[in-house]
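**Q** Okay, here's the structure, questions in a sec.
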Amino acid sequence: MAIRDLIPWTRRETSLPARGTFGFPSLREEVDRWFGDFFGDRDFWPLWPSDGGFAETFTPKVDVTETDKEVRVMADLPGMEEKDIQVDLTDDGLTIRGERKSEHEEKRGGFYRSERSYGSFERFITLPGPVEKDKAEALFKNGVLTVTVPKSPEALRSHRRIEVKKG
């Protein structure tokens with residue numbers, strides 16, 4: 043224990059481990075803590091990739107909306123191209139697969155950093171009833187994939203509103 047640990051306003055607070063670390067801090071957090079304990083609270087890793095970057099597991103955010111005539115699925119896929127995305131429609135639902143690639147190079151002062159990151163993902167979305175698979179469309183624009191699937195005529199006929207009565 044260092045003397046500065048006894049002074050309340052210089053004591054470093056420790057937080058709970060982030061989700062997915064299984065209780066073990068990342069190497070960067072440990073090295074930052076070691077340097078912080080020795081040199082103070084300066085950032086010695088300005089070029090080290092920050093948490094939340096490509097190295098993390100990528101799971102695209104998905105919105106599913108339903109109207110009387112169609113089901114629309116929108117997936118955020120930033121930094122991807124349409125050639126890296128595959129959409130499959132089955133009787134059970136919609137599957138979106140893709141592979142995300144990133145290469146980044148940075149030269150600054152006496153530092154040089156080159157990073158490459160690759161990873162794939164797969165999302166399955168259950169559709170709310172029978173659909174017309176032959177009329178489904180997928181559009182990829184500005185990093186957002188929009189899949190529109192018309193409902194089948196039998197799904198349109200099977201809809202019935204139930205009146206709610208005061209009990």
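Residue 209 is where the sequence shown ends in this note's numbering, and the numbering goes up by one at each step.
For glycine and all other residues, C-beta sits at the position ideal for the given N, C-alpha and C.
Since we're looking at a predicted model, the values are computed, not measured.
Using a Cβ-Cβ cut-off of 8 Å (strictly less than) and excluding sequence neighbours within five positions of lysine 177, which residues of its own chain qualify?
**A** Excluding positions up to five away in sequence, the list reads Val191 and Pro192.
**Q** Leaving out the 5 sequence neighbours to the left and right, which residues in its chain are closer than 6 Å to glutamate 148 when beta-carbon positions are compared?
**A** Arg155, listed in sequence order.
**Q** Span of the beta strand (DSSP E) holding phenylalanine 17?
**A** Since the first residue shown for the chain is 43 and the last is 209, residue 17 is missing from the structure and cannot be characterised.
**Q** Quick one: give me the first and last residue of the beta strand (DSSP E) that lysine 183 is part of.
**A** 179-183 is the extent of the beta strand (DSSP E) around lysine 183.
**Q** Taking 7 Å as the limit between beta carbons, can you name the residues of its chain near phenylalanine 100, skipping five residues before and five after?
**A** Result list for phenylalanine 100: Arg142, Gly161 and Phe163, in chain order.
**Q** Span of the beta strand (DSSP E) holding proline 120?
**A** Proline 120 -> no beta strand (DSSP E), and no H or E assigned at all.
**Q** For arginine 139 versus threonine 188, is the C-beta distance shorter than 8 Å?
**A** No; because the gap between Cβ atoms is not below 8 Å, this pair is not in contact.
**Q** My output table needs one value for glutamate 205: the three-state DSSP class, helix, strand or coil.
**A** Glutamate 205 falls in the coil class under three-state DSSP.
**Q** Could you compute how far the alpha carbon of glutamate 124 sits from the alpha carbon of arginine 165?
**A** Approximately 16 Å between the Cα atoms of the pair.
**Q** Quick check on aspartate 247: does DSSP put it in helix, strand or coil?
**A** The chain is shown from 43 up to 209; residue 247 falls before or after that span and cannot be answered.
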